[in-house]
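This report concerns only the one structure given below.
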Amino acid sequence: MSTTDKSTMAGGEGFVHHLAAPDEGHGPGIHLTNLGVAQVLFEARSDYFLSLDIDGGIWNQPVLPMIRELLIRYESQVMPGVPLACPIAVVSRSQRAFVMEESVIDISDASSPRLIATCRGVHVAVESTRGASAEMPDPLIDAIVVGQGAPVPTVDGQERRPG
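If you're matching positions, the sequence shown starts at 5 in my numbering and goes up one per residue.
Here it is, written out as structure tokens:
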């Protein structure tokens with residue numbers, strides 16, 4: 005079971021997903037597997053998209069962000085039940101894609117958070133009826149900018165602002 009702090013996204017302070025490391029049922033003393041960490045990242049990413057303020061919800065739009073590429077780097081192990089924080093930010097964009105960065109952090113010791121994994125993903129805009137690449141919708145980029153409280157730089161150095 006997870007708990008997401010969606011108020012941070014609404015306040016323009018970025019997005020952080022909070023949860024306890026899941027128990028994969030491998031028995032006592034067994035750390036979360038690579039697949040378990042990937043599942044934590046998936047859950048955080050899904051909650052991020054659901055938290056965006058888009059009329060009708062993100063998954064009911066004609067153009068959707070779809071994963072094209074994920075690169076996960078596993079830094080350290082974590083045991084089931086450990087409290088985790090997963091900050092997420094969109095760090096750059098082009099006309100048809102954006103780059104998202106995520107982290108999984110062990111926050112059991114608030115004075116010394118420990119990095120578990122990082123993930124860098126490329127999401128492309130796909131028109132769902134045709135299954136074809138499309139331009140990233142303005143309402144999606146605007147919702148990301150408002151949620152993060154900062155413009156998302158484009159690959160050519162121009163910034164996009166809401167409104």
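Each residue gets a CB set at the ideal place from its N, CA and C atoms; glycine is no exception. A quick note: this is a predicted structure, and the numbers were derived from the prediction, not measured.
- Message: Given this structure, state the Cα-to-Cα distance separating V150 from E47, to the nearest angstrom.
- Response: 22 angstroms
- Task: Buried or exposed for D51, please, with buried defined as at least 16 other CB atoms from any protein chain shown within 10 angstroms of its CB.
- Result: buried
- Item | Coil, strand or helix - R134 by DSSP | R134 sits in coil when the DSSP states are folded into three classes, being neither helix nor strand.
- Where the alpha helix (DSSP H) through L144 begins and ends: D142 to Q152
- Item | Counted within 10 angstroms of its Cβ, other Cβ atoms place T106 as buried (16 or more) or exposed | Residue identity check: residue 106 is Glu in the sequence provided, not Thr. Under this definition E106 is a buried residue.
- Query: Within this structure, are the beta carbons of G125 and E73 separated by less than 8 angstroms?
  - Reply: Result yes, Cβ atoms of G125 and E73 sit closer than 8 angstroms.
- Task: Confirm, please, whether the CB-CB distance from A24 to L88 is below 8 angstroms.
- Result: yes
- Message: Do A129 and P141 have their beta-carbon atoms positioned less than 8 angstroms apart in this structure?
- Response: yes
- Would you grab the beta carbon distance between G18 and Q152 for me? Rounded to a whole angstrom, and I think it's under 8 angstroms. Taking a contact as a CB-CB distance under 8 angstroms, the pair G18 and Q152 counts as one, their CB atoms being some 6 angstroms apart.
- Task: Assign S115 to one of two classes, buried (16 or more other C-beta atoms within 10 Å of its C-beta) or exposed (fewer than that).
- Result: With fewer than 16 other Cβ atoms within 10 Å, it is exposed.
- Message: With DSSP as the reference, identify every bridge partner of R124, one or two as the case may be.
- Response: L75 and E105
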